[in-house]
Amino acid sequence: MTALPAHTPLADLASPDFATVREPYGEDTRNCRYLIGLSADGTPTTVAVRGSRAAPRRMPAVVVSGSATLRDVVEESALLNLLELSPEAAVVMDHARSAVQGVLERATVDAYLRRDRFPGGPVRGGGGWGAATGDDSCLCGTHRTPHAHVICAFGGCGRVNALHFYDPEDPPECPGPGDALPAHPLILSVRG
């Protein structure tokens with residue numbers, strides 16, 4: 000893999016080798032590397048990675064903004080933490096159109112971390128706010144913090160939870176689907 004420009008939008012780095020399917024889905028015969036499961040409202044909930052195995056490996060969907068750059072999301076420790084939930088891929092979204100743009104492959108993130116980290120260290124702060132002053136103390140444009148969508152498997156809960164951080168030793172609480180089921184510990188329904 001060649002050197003990755005730090006300021007390239009993720010939409011330009013994303014793999015187009017994917018298909019979207021509505022959850023719950025069974026065996027899908029489409030010839031693509033990634034299957035992205037969508038909830039009824041179109042929220043990405045799972046990513047299935049096809050490999051040499053007979054069945055695709057399903058993981059929770061970690062979602063990143065297509066307008067963000069590789070540098071933006073890698074410098075946010077939240078993404079690196081969330082990639083533990085989905086270690087092979089993140090879903091790249093155009094949030095303005097609510098559309099999946101592709102899949103950010105882990106190999107792309109790894110290549111950036113190995114070779115393309117900032118040799119002199121990142122520039123922080125400076126004489127003003129934003130690109131007009133030449134510093135990188137703010138992100139231009141609209142960006143969203145990386146997050147993961149996970150389906151709770153507690154007693155048939157099924158609620159889609161958005162996580163911005165995940166600690167497997169101290170999982171967060173799921174508020175439950177409504178009055179029928181009170182708040183409870185979040186149990187992941189998809190495991191690698």
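The sequence shown begins at 0 in numbering that gives the first Met the number 0 and counts up by one.
All C-beta atoms, glycine included, are put in the ideal place defined by N, C-alpha and C.
Quantities reported herein were computed from a predicted structural model and do not represent experimental measurements.
Whole angstroms is fine: what's the gap from residue i's alpha carbon to residue j's?
i    : j    : result
V99  : L9   : 12 Å
T19  : D71  : 26 Å
D178 : C156 : 11 Å
C151 : C173 : 7 Å
E87  : V149 : 16 Å
L180 : V63  : 30 Å
A5   : L12  : 11 Å
F17  : I35  : 7 Å
V90  : H183 : 27 Å
P176 : A39  : 15 Å
H146 : A95  : 16 Å
Within 10 Å of its beta-carbon, does residue i have 16 or more other beta-carbons around it, so buried, or fewer, so exposed?
i    : result
R57  : buried
N160 : buried
P167 : exposed
G65  : buried
P43  : buried
G154 : exposed
S85  : buried
A106 : exposed
Say whether chain C places a C-beta atom closer than 8 Å to the C-beta of residue i.
i   : result
P59 : Here there is only one protein chain, and chain C is not present.
According to DSSP, what are the bridge partners of residue i?
i    : result
H146 : V62
Which of the three DSSP states is assigned to residue i in this structure?
i    : result
A18  : strand
G177 : strand
E74  : helix
H185 : One point to set straight first is that residue 185 is Leu, not His, in the sequence displayed. Reduced to three states, the DSSP call for L185 is coil.
R113 : helix
T44  : strand
N80  : helix
T107 : helix
A89  : strand
A10  : helix
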